[in-house]
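First up is the structure itself, then whatever we jot down about it.
There are 2 protein chains.
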Amino acid sequence: MQFFNKTAPIGIFDSGIGGLTVAKRIISMLPNENIIYFGDTARVPYGSKSNTTVIEYAIQDAQFLINKNVKLIIVACNTASSVALESLQKKYDIPVIGMIEPGAKLALDKTKNRRIGVIGTYSTINNKAYSEQLKELDSEITVFEKACPLFVPIAEEGWLDHEATKLVAKEYLQDFIDADVDTLILGCTHYPLLSEIIQNIMGEKVTLIDSGFAASHQVEDYLKGRGVRNDSVQIGTHHFYVSDLPDKFKSMAERFLGSEVKHIEKIDVETLITH
Amino acid sequence: MQFFNKTAPIGIFDSGIGGLTVAKRIISMLPNENIIYFGDTARVPYGSKSNTTVIEYAIQDAQFLINKNVKLIIVACNTASSVALESLQKKYDIPVIGMIEPGAKLALDKTKNRRIGVIGTYSTINNKAYSEQLKELDSEITVFEKACPLFVPIAEEGWLDHEATKLVAKEYLQDFIDADVDTLILGCTHYPLLSEIIQNIMGEKVTLIDSGFAASHQVEDYLKGRGVRNDSVQIGTHHFYVSDLPDKFKSMAERFLGSEVKHIEKIDVETLITH
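Residue numbers (our numbering), protein chains in the order written: chain L, 5 to 279; chain F, 5 to 279.
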């Protein structure tokens with residue numbers, strides 16, 4: 005295990021912009037940490053690609069962050085977390101934290117009736133990423149899963165309080181109400197943007213689990229435990245890199261983060277492949 | 005120009021499944037033609053990729069069809085049509101027919117008040133594919149354009165008559181009603197699936213232009229003109245190839261085509277690249 009400067013940045017990558025909800029959690033929880041975010045916007049989405057391809061891309065994304073001397077990597081993409089986390093953890097000495105395990109653990113901590121729902125992209129649901137993790141941690145748990153493919157484009161359109169969004173959410177979520185889950189995992193990093201509508205439909209008694217929030221706590225624990233928290237009194241710097249369409253990313257990022265994005269740079273996919 | 009057997013198949017390619025609405029038009033208009041359809045489901049969507057990449061992929065897709073000895077190629081994808089058509093036409097001896105020109109010509113033929121609307125993906129709208137083509141054909145025309153990114157995932161979900169779909173369509177289309185267009189180009193091959201809802205919102209006086217329908221007429225005219233219509237009295241064979249997830253494609257294809265898909269085969273992306 006390498007020893008890192010406390011001021012080394014935290015690396016975050018995602019197939020695109022969804023991981024920004026995780027970055028937002030990290031920024032709010034650990035404001036003095038420096039952050040490097042990479043969004044692979046040229047190759048988004050990962051969810052429709054084969055596992056082999058997703059692992060290959062995830063390694064390239066992680067290597068880009070490694071080359072920036074990050075002290076820890078967050079895989080802020082549920083697809084990449086479910087498919088590539090183990091490969092990344094084997095390959096690199098620094099800690100690599102995904103979305104699935106922290107989200108599953110927090111859900112198990114919160115549920116009282118042992119009935120947990122999971123919503124995500126087709127890929128995450130078909131991979132049974134959360135259900136297998138949940139059952140590995142607690143074989144008695146009952147899990148209900150459903151892909152909600154419209155939630156990502158709706159979040160990207162910014163229709164966070166639109167009547168159409170409410171109807172879409174009702175259509176997707178009724179099964180979970182019928183199944184009497186008391187905990188619902190938002191198994192896609194875009195979904196926290198829709199948490200208000202989802203909460204309204206599910207009712208106040210249902211706990212929503214934001215995996216990015218859970219992962220951020222794991223990051224904080226790790227950094228404290230190893231004594232590598234940035235102890236600067238200044239607000240950290242936040243650098244964003246994308247593989248395509250930086251202007252589109254910037255406008256969406258500002259909506260996702262709720263603040264101005266100053267440092268954004270486009271890098272070529274070729275650079276990822278050859279480094 | 006090569007001379008082809010009349011019974012040689014018509015080749016159709018798309019980045020995924022949207023092009024099936026074009027295939028459906030061809031099947032219905034030219035039932036005795038043999039068809040080979042390729043959907044590049046491993047690399048979908050093309051709309052978020054750079055022009056260089058889309059051209060590269062389009063050439064690989066077309067080459068796959070050429071290797072199957074097709075007599076004509078239809079680029080059943082608005083993104084690939086707007087970006088790669090010229091490269092394909094330069095490279096190959098057989099005719100290559102895209103979506104943009106036939107759709108634009110039909111729209112100009114139908115409009116009376118010379119106010120035309122265009123809806124499509126971000127890529128097609130940002131490329132100004134239709135507006136430039138329309139203005140090239142008629143510099144006096146007034147064009148209104150808007151990206152409707154939710155229409156593709158809604159069509160893929162099969163929510164063709166859902167209340168949520170109506171609200172989404174109202175949100176997107178109000179600007180075109182306000183702009184008093186009398187003709188609306190469905191500039192994405194998924195959109196004809198939503199034509200009923202779109203027509204209801206726009207009103208009966210507005211003509212919807214299905215570019216795939218327009219392109220099919222161009223294909224028929226070409227085949228007749230060259231004397232290469234298949235004159236078999238039998239129904240043609242329809243073979244479908246995809247680069248990933250054939251089962252998902254099959255179920256969606258049957259919804260798009262409204263009939264059973266018998267011959268479907270997965271081919272590796274590597275095969276596309278090296279042939």
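Each residue gets a CB set at the ideal place from its N, CA and C atoms; glycine is no exception.
When the five nearest sequence neighbours on each side are left out, the beta carbons in the same chain lying within less than 7 Å of the beta carbon of T45(L) are those of G20, V246, S247, D248, L249 and F253, in order along the chain. The segment 186–199 of chain L and the segment 153–162 of chain L touch, with three or more beta-carbon pairs separated by less than 8 Å. When rounded, the separation of the alpha-carbon atoms in S135(F) and V185(F) is 14 Å. At a cut-off of 7 Å between C-beta atoms, L190(F) does not count as an interface residue with respect to chain L. Secondary structure at H242(L): strand, using DSSP grouped into helix, strand and coil. Counting along the chain, the unbroken alpha helix (DSSP H) around R259(L) starts and ends at P250 to L261. Legend: CB atoms of the segment 248–267 of chain L lying less than 9 Å from CB atoms of chain F belong to residues D248, L249 and K252. Under the rule that a run must span 4 or more residues, the alpha helix (DSSP H) segments found entirely inside the segment 164–231 of chain F read 167–182, 199–206 and 215–230. In this structure, S215(L) keeps its C-beta atom at 7 Å or more from the C-beta atom of M33(L). Nearest to E264(F) by alpha-carbon distance, out of V273(F), L164(F) and D251(F), is D251(F).
Following the DSSP letters along the chain, one finds V122(F) in no alpha helix (DSSP H) but inside the beta strand (DSSP E) bounded by residues R119 to G124. According to the DSSP assignment, V87(F) belongs to the alpha helix (DSSP H) that extends over N82 to K95.
Within the segment 52–75 of chain F, the residues whose Cβ lies closer than 9 Å to any Cβ of chain L are, in chain order, S52, K53, S54 and T57.
Chain F places a beta carbon closer than 7 Å to that of E167(L), counting this residue as a contact. Shown in chain order are the members of the segment 145–164 of chain L whose Cβ falls below 9 Å from a Cβ of chain F: P153, L154, V156, P157, I158, E160, E161 and W163.
Selection Y41(L), Y61(L) and S127(L) evaluated against L69(L) yields Y41(L) as nearest (Cα-Cα). Scanning chain F for C-beta atoms nearer than 9 Å to the C-beta of A46(L) yields S52, K53, S54 and T57, reported in chain order.
In chain order, T187 and T211 place their CB closer than 6 Å to the CB of K114(F), counting only its own chain and leaving out the 5 sequence neighbours on each side. Counting along the chain, L112(L) sits inside the alpha helix (DSSP H) bounded by residues I104 to K114. At a C-beta separation below 8 Å, V172(L) has these neighbours in chain F: A168.
Per the coordinates, the alpha-carbon of V87(L) lies some 14 Å from the alpha-carbon of Q64(L).
Rounded to the nearest whole angstrom, the C-alpha separation of I201(L) and I14(F) is 47 Å. Residue pairing by DSSP puts Y41(F) in a beta bridge opposite I16(F) and F244(F). Secondary-structure assignment with DSSP links K150(L) through a beta bridge to I123(L). For the segment 173–184 of chain L, the residues whose beta carbon sits under 8 Å from a beta carbon of chain F are, in order, E175. Beta-bridge partners assigned by DSSP to E269(L): Y245(L).
Residue burial annotation: V237(F) is exposed, with fewer than 16 other C-beta atoms found within 10 angstroms of its C-beta. Within the same chain, Cβ atoms closer than 8 Å to the Cβ of L261(L) are found at L24, A27, K28 and I31, the five residues on either side in sequence being excluded.
Of the residues A218(L), V273(L) and I268(L), the one whose Cα lies closest to the Cα of E105(L) is A218(L).
Just so you know, the alpha carbons of G240(L) and V223(L) end up roughly 16 Å apart. Secondary-structure assignment with DSSP links I77(L) through a beta bridge to G15(L) and V100(L). Linking C152(L) to L138(L) through their CA atoms gives a straight-line distance of about 20 Å. Between R233(F) and K75(F), the beta carbon gap of about 10 Å keeps them out of contact (Cβ cut-off 8 Å).
Excluding residues up to 5 positions away in sequence, F244, P250 and K254 lie with their Cβ nearer than 6 Å to the Cβ of I268(L) in the same chain. Non-local C-beta neighbours of G162(F) in its own chain, meaning closer than 7 Å and more than five positions away in sequence, comprise R259, ordered along the chain.
Per the coordinates, the alpha-carbon of V147(F) lies some 10 Å from the alpha-carbon of F180(F).
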